[in-house]
Structure formats: structure tokens, C-alpha cells
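Q:
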Amino acid sequence: MSEGETACQYCGISYLLLRKYERMEEHVLGLEKELSQRKIYADERPGLLAQIASLTETQRQSLETIAGLEEKAQAAREETRKAVLALDEMRTKHGRAQSVLDESARVSTARQERIAGLMQGLTDIRCELLQQRQQICNAKDEVKKSLHLTPPLFTGPRTINFSRECIQTLKPHIVATVLTLCKKDATAHVHAAQSRHQSEINALLTQLDSAREALRERSRHETSVSCTTSSGRGWSLRIMFGRSKNLEREREKFEDRNRDLDERLRAHKDQSWRETQGMQQHVIALEAKLYAKEAELREMLEKFRSERRSLEDGDAALGNANRALAQKDVGGIEWGWVVTKKARRAPSPYGATFNTPLAVQEQLRVLERTVRDLHQTMHGLRAERQKTVDAHQSRVKQLQDKFLEDIKEAGRFEAEKREKEVRRALESEKDDALKQLRMSLQMEFDLAQERLERQLDAMKVAKQHAELQASRECGRVEEEWSRRHAVVTEQMNKLRASNAADFEHYQSQIRALEEQVAMASTRAPTTASADHERSIQELRASLATRDAEIGFLKDTVRLECEERMGLVAELAQIRRAPSLPVVDTHLAPAGEPPRSKSGRADPPPPLDPEARSYQAMSKAANSIKVQKLAKSSSSRKLSGTTMPPLVRSSSSFLQS
-19 MSEGETACQY
-9 CGISYLLLRK
1 YERMEEHVLG
11 LEKELSQRKI
21 YADERPGLLA
31 QIASLTETQR
41 QSLETIAGLE
51 EKAQAAREET
61 RKAVLALDEM
71 RTKHGRAQSV
81 LDESARVSTA
91 RQERIAGLMQ
101 GLTDIRCELL
111 QQRQQICNAK
121 DEVKKSLHLT
131 PPLFTGPRTI
141 NFSRECIQTL
151 KPHIVATVLT
161 LCKKDATAHV
171 HAAQSRHQSE
181 INALLTQLDS
191 AREALRERSR
201 HETSVSCTTS
211 SGRGWSLRIM
221 FGRSKNLERE
231 REKFEDRNRD
241 LDERLRAHKD
251 QSWRETQGMQ
261 QHVIALEAKL
271 YAKEAELREM
281 LEKFRSERRS
291 LEDGDAALGN
301 ANRALAQKDV
311 GGIEWGWVVT
321 KKARRAPSPY
331 GATFNTPLAV
341 QEQLRVLERT
351 VRDLHQTMHG
361 LRAERQKTVD
371 AHQSRVKQLQ
381 DKFLEDIKEA
391 GRFEAEKREK
401 EVRRALESEK
411 DDALKQLRMS
421 LQMEFDLAQE
431 RLERQLDAMK
441 VAKQHAELQA
451 SRECGRVEEE
461 WSRRHAVVTE
471 QMNKLRASNA
481 ADFEHYQSQI
491 RALEEQVAMA
501 STRAPTTASA
511 DHERSIQELR
521 ASLATRDAEI
531 GFLKDTVRLE
541 CEERMGLVAE
551 LAQIRRAPSL
561 PVVDTHLAPA
571 GEPPRSKSGR
581 ADPPPPLDPE
591 ARSYQAMSKA
601 ANSIKVQKLA
611 KSSSSRKLSG
621 TTMPPLVRSS
631 SSFLQS
């Protein structure tokens, strides 16, 4: 159409031109939009290039981080191995501690036995003392009788009574002291060992129980979440796989934490042991100082005692001197009075007076001053000694209280500090491990999801193929076994009909022969006895042969039924296991293994114990029946009889 033909009758504008104009406008708009997009791309291109470079750098850093994490994982595995060795060593130490505890228990038992022995010895000593007392009394009586001594002059009973009273008085104290010391030593040793090992065992068991409980709670939570959120077989498999991986890592993480806690516990125990050793050494040093101070005090006491003894000796000497001086004063006064009287009468040629009493009094005053000074010095030394003892005792008590307070403060601060450090380290390790675990779990989840999807597709295809092949094989096997069953049923019907006819025929023959035997026995019992006996034996042999044939036919029928049941069981097994290779069992010869459709001899499918026992019983029954048939055929050949054709055909069929 032309533009004039498409013109509007009202405005005269051609519809064709209008359409071209609209298309032109649309094309221009598209070009403008593309141009704007190109401008935006030109503006954004440097940023995109920078982002690509940054992403490349991030990838390189992530690869380096992965390499570092692999190295850390290797180091962690090495630490895990060392921790396992340390745990074994700890168990060995625990066994040794248990053996030490048992040894201490044995030692305490031995000490108790020893105490019992000492008690028995004391009892024996008491008995001996009683015997000696009796002997002494007897000896006393003999001495009284022999020497005729009076009772007041004999002091033996008094001495014996005194020694007996001393022994009776000291015996409970000695026994109680020995028992107390032994029991205290044994109980202190046992309680210390038990408390130490029990505290270590309880701490380890508490940590292990907490780790196991946390792992159990996490596994229950993960199981409940996986069960509630599963929406399909593939999704549930992926979730279970991922959760199992997660739980395994969590278990490893808890084991690592447990080993770390064990190591820190051992380090804390070592440090506490070292601190305890240092404190014990400090206490030993303080005790040594106390012993030194006590030795000094003892020396001072000895010195004071010696000075006191010397003072007492001086007091005694002073008393003696005073008494002597008193006596001398009396004599001197008398002698001085006489001398004065003589001097008055006759003066001394030397021109000096004799002043002996004054010198003695001066000496007495000096001695009294010395005694007073010594008494004052002694009182001062005693007071100083008491002050020194009190000061030392108060100082020792202060040191003991300070030592106990320092131990308590150090234990509390150290425990709080260690707890804070452990919590801080565990929180940081938990955060790092959770981040790494999220990344690794996401990657593994994606990979496992893809792999499981591929496996599910392959399994679906294989299942469809196996089901189709199994249905075909089951149909073919059912047709084959139905055909064989029909053939066997027909043969069995023929055998039953022929056996019934033969049985009727033989029964009629037996009745006729019995009638002939009866008639012959009534006619000539003496002439034909040998012939009758021979005919009776032949009839019995024929009856036994027929009975054997009938039993053989019954066994054949039973074997056929058992074979059919075995075939039905094999068919059910083939239906239960459709993925097994298809086997052509109806074309294989009797002595060769079954072959598959590819022509290669496949191994027979595994049978359960019931099927194997059933096959063994069937083979044994077949071999027994073949042997019976062979024996019966040989006996017939020897006796000149032949096997009926129907029985021969059945035996050949059974052999085949």
C-alpha cells in the first residue's frame, strides 16, 4: 500500500508515515538509552577495575590464610597428639598415686598390727610383772622363814608396791601416747594422699563431664533441628551430613578444650606446688629462726640459772660470813675492851690503834651493796627475758597470721586471675573457631550438596534400570518355572496312575497266590512244602520290591515339592534384590556354573544359611535315593528281575 492510500479522511495524515515516525522515535529513544548506559559504564569502569583488583588481592589473602590455617591445623594435630600422650601419662600418674594410696593403706594396716603387737607385748609384760611379784612374795616368805626377820625391817614389799604403782600409772599414758602418735601419723598421711588425689580426680572428672554434657546437649539440639527442618530425602541427607561434620568438629573442639584445660590444670598445679614449696621453705626458715631464738632463750635461762645458783651460793656464803662476823664481833668487842683497857694501862709502842671491827663492818656494807646490785640485776634480766619471750611469741603469732592471710589472698587472687585469663582466651578461641567453622561448613555444605545431588540422580537412574531389569527377569523366571512345574505335575500324575494300576495288579496277584497257597496247603501239605516256601519267598521279595518302589516314588514326590519350594524362595530372593546381575539358569548345563547374558560366568549370589542348609539336605537326599536305586537295580540283576520302565524313567529323571 502507498502512503496516499493510508491517509486519514479527516486529518489527511498517512497511517504508514505515522507508524514510520513512531518507529523512528522508538529507535532514537533506544539509542539515547544505550548511550546513557555506555556513559554510566565509562564512569563506573575504573571502580569496577579497582574492585576486581581488590577481589584478586582478597583471594590471594584468603589463600594465604588457608595455608596458615592448614599449618595451624597441623600444629593443633601435633598438640592433640602430645595432649593424648600427656593424658596417658596422667593416667599412669593416677595409677601410681592409687598404688601409693594402697601402699599407705597397707602401711596403716601394718602400723595397726604393730600397735596390736605392742599392746600384746604390754600385756605380756604385765603378766611377767605379776609373776615376778609372786616370785618376790615367795622369796620374801622364804627369807622371813630362813632369817626370822621382822616385818618392819623388810622394805621389799614397799619397793615392789611403789614400782607396781609407777608402772600402773605410767602404762595408760605410754599406751595412749603411742597409739595417738601412730594414729595421727597414719591418718594424716592417708588423708593427705586421699584428699590430694581425690581433688585431682574430681577436677578432671568435672571437666570431662562438663565437656561431655555440652557435646550431648549440642548433639540433641542439632538432631532436633535437623528433624524439624527436614523437608525431603535429599535435603535431610544433606542436613544430616553437614550436622554430623559439625558435631565431629565440635567434639574435636571440646576435646581440644579439655586437653587445654588439663594442661592448664597441670600448669596451675605445678605453680601451686612451687608456691607451696616456697612457702614451706619460708615456714622452715621461720621455724629455724624460732629454734634459734628458743636456743638463745635457753642459753639465757641457763645463764640466769647459773647466776642464780651463784647468787644463792653468794647468799649462803654471805650468811656464813655474817654468822662468822657476828661471832667475831662478840669476840672482837671483848678483845677490844681488853686491849683498850691494856692500852689505857700501857700505851702502844707503835702509836696506832687496832680498828679491826670497823674494817669488817665496811666489808659487810660492800657485800650487802653487791648483793642488792646483783638482786636488782637479776630482776632486770628476768623482766627483760620475759619481755623478749613475749615479743618473740607475739612476733611468731603475727608471722603465722600474716602467712595464712597471704596464702588466702594469693590463692583467691591467683584463682580469679587464672579464671579471667582462661575465660578471655576461651572466648577469643571460640569466636575464631566459630568464624572458621562457619566458613568451612558453608564450603563443605555446598560441595556435599552438589555431590549428593549427583549421587541421587545416578541412584535414581540405576534404580529405574534395575527395577526394569528385575521385572523382566522375574517374568521370565516365573514363566520358566511354571512350564517346568507343569511338566513335573504331568509326570507325577502319570507316575501316580501307573503306580495305582501296578498296585492293583500286584494286590490281585497276591490274593490269587494266597488262595493258591491255601488250596495247595489243604490238598498236599507234605509234598509241595518246598515249592510253597520258594513261591512265598518270591512273593515276599516282590512285595518288598514294590514297597521300596512305592517309598521311592513318595520320596521323589517329596523332593519335587521341596525343589519347588526352593525355587519359590529363590524367586522371592530375586525380587528382594533387584540390583543383582541377571543369570540364565535354565540354559546352563548340570556341571557348569550359571552364566549371565554377557556370556561370562558370574559368581553365584550369596545365600543365607537356611538356603545353604536346604541345598545340602537336598543333595544328600538325592545321593541317598540314587544309591538306593543302584542297590535295588543290582539286586534285581542278581535275582534276574528287571526294573519297571516307569521306575527307570523316574530314576533317570531324578538323576537328571
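Residue numbers for the sequence shown, in this note's numbering: -19 to 636. From the three backbone atoms N, C-alpha and C, an ideal C-beta is built for every residue, glycine too.
(1) What number of angstroms, rounded off, separates the C-alpha of residue 84 from the C-alpha of residue 43?
(2) Compare the beta carbon distance of residue 533 and residue 493 with 9 Å and say whether it is the shorter of the two.
(3) Check whether the stretch 453 to 463 touches the stretch 481 to 492, counting contact only when three or more Cβ pairs, one atom from each stretch, lie closer than 8 Å.
(4) In angstroms with no decimal places, state the Cα-to-Cα distance between residue -12 and residue -6.
(5) Classify residue 357: buried if its beta carbon has 16 or more other beta carbons within 10 angstroms, exposed otherwise.
(6) Just checking my contact of residue 544 with residue 445 at CB under 8 Å: how many whole Å lie between their CB atoms?
(7) Hey, how far is the Cα of residue 460 from the Cα of residue 524?
(8) For residue 537 versus residue 472, is the C-beta spacing smaller than 9 Å?
(9) Is it right to say residue 670 is buried, meaning 16 or more other beta carbons lie within 10 angstroms of its own, or is it exposed?
(10) Using 10 angstroms around the beta-carbon of residue 63, count the other beta-carbons present and answer buried if the total reaches 16, otherwise exposed.
(11) Rounded to a whole number of angstroms, what is the C-alpha to C-alpha distance between residue 37 and residue 31?
(12) Would residue 233 and residue 413 qualify as a contact pair, given that the criterion is a beta-carbon distance under 9 Å?
(13) With distance defined between alpha-carbon atoms, name the residue in 516, 479, 542 and 488 nearest to residue 531.
(14) Please name the residue, chosen from 15, 235, 4 and 344, that lies closest to residue 60 on a Cα-to-Cα basis.
(15) Which residue's Cα is closest to the Cα of residue 398: 422, 246 and 372?
(16) Drop a sphere of 10 angstroms on the beta-carbon of residue 458, count the other beta-carbons inside from all chains shown, and report buried for 16 or more, exposed for fewer.
(17) Starting from the N-terminal side, write out each stretch of the alpha helix (DSSP H) that is 4 residues or longer and does not extend beyond the stretch 56 to 86.
(18) Between residue 402 and residue 244, how many whole angstroms is the CB-CB distance? I'm expecting something under 8 Å.
(19) Between 51, 271 and 360, which lies nearest to residue 372 when the distance is taken from Cα to Cα?
(20) Which word fits residue 529, buried or exposed, when buried means at least 16 other C-beta atoms lie within 10 angstroms of its C-beta?
(21) Does the distance from the CB of residue 239 to the CB of residue 417 come in under 9 Å?
(22) Taking just the CA atoms, how far does residue 419 sit from residue 66?
A: The short version:
(1) As a first step, residue 84 is located in the sequence shown; it is residue number 104 there, counting from the start. As a first step, residue 43 is located in the sequence shown; it is residue number 63 there, counting from the start. Those two C-alpha atoms are separated by around 60 Å.
(2) The residue given as residue 533 occupies position 553 in the sequence shown. The residue given as residue 493 occupies position 513 in the sequence shown. The answer is no: Cβ separation not under 9 Å.
(3) No: the two stretches stay apart, fewer than three of their Cβ pairs being nearer than 8 Å.
(4) As a first step, residue -12 must be located in the sequence shown, where it is residue number 8. As a first step, residue -6 must be located in the sequence shown, where it is residue number 14. Straight across, the Cα-Cα distance linking residue -12 with residue -6 is about 6 Å.
(5) The residue given as residue 357 occupies position 377 in the sequence shown. Exposed.
(6) In the sequence shown, counting from the first residue as 1, residue 544 sits at position 564. In the sequence shown, counting from the first residue as 1, residue 445 sits at position 465. Cβ atoms of residue 544 and residue 445 stay farther apart than 8 Å, at about 31 Å.
(7) Taking the sequence shown and counting its residues from 1, the one referred to as residue 460 is at position 480. Taking the sequence shown and counting its residues from 1, the one referred to as residue 524 is at position 544. In a straight line, the C-alpha of residue 460 is about 38 Å away from that of residue 524.
(8) In the sequence shown, the residue the question calls residue 537 occupies position 557. In the sequence shown, the residue the question calls residue 472 occupies position 492. Contact: yes.
(9) Because residue 670 is not part of the residues shown, which for the chain are -19 to 636, the question remains open.
(10) On the sequence shown, position 83 is the one that residue 63 refers to. Buried.
(11) For this step, residue 37 is matched to residue 57 along the sequence shown. For this step, residue 31 is matched to residue 51 along the sequence shown. Their Cα atoms are separated by approximately 10 Å.
(12) As a first step, residue 233 must be located in the sequence shown, where it is residue number 253. As a first step, residue 413 must be located in the sequence shown, where it is residue number 433. Here residue 233 is near residue 413, since their CB atoms are less than 9 Å apart.
(13) If you number the sequence shown from 1, residue 531 lands on position 551. Closest by alpha carbon: 479.
(14) As a first step, residue 60 is located in the sequence shown; it is residue number 80 there, counting from the start. Closest option to residue 60, Cα to Cα, is 235.
(15) Taking the sequence shown and counting its residues from 1, the one referred to as residue 398 is at position 418. Measuring from the Cα of residue 398, the nearest candidate turns out to be 246.
(16) Taking the sequence shown and counting its residues from 1, one reaches residue 458 at position 478. By the neighbour-count rule (16 or more Cβ atoms within 10 Å), residue 458 is not buried but exposed.
(17) Fully enclosed alpha helix (DSSP H) runs of 4 or longer: not present.
(18) Position 422 of the sequence shown, counted from the start, is the residue given in the question as residue 402. Position 264 of the sequence shown, counted from the start, is the residue given in the question as residue 244. Residue 402 to residue 244, Cβ: 6 Å. Contact.
(19) Within the sequence shown, the letter at position 392 stands for residue 372. When 51, 271 and 360 are compared, the shortest CA-CA separation from residue 372 is found for 271.
(20) Here residue 529 corresponds to residue number 549 of the sequence shown, with the count starting at 1. Classification for residue 529: buried.
(21) For the purposes of this step, residue 239 is taken as residue 259 along the sequence shown, with counting starting at 1. For the purposes of this step, residue 417 is taken as residue 437 along the sequence shown, with counting starting at 1. No, Cβ-Cβ distance for residue 239 and residue 417 is not below 9 Å.
(22) As a first step, residue 66 must be located in the sequence shown, where it is residue number 86. As a first step, residue 419 must be located in the sequence shown, where it is residue number 439. C-alpha separation (whole angstroms): 32 Å.
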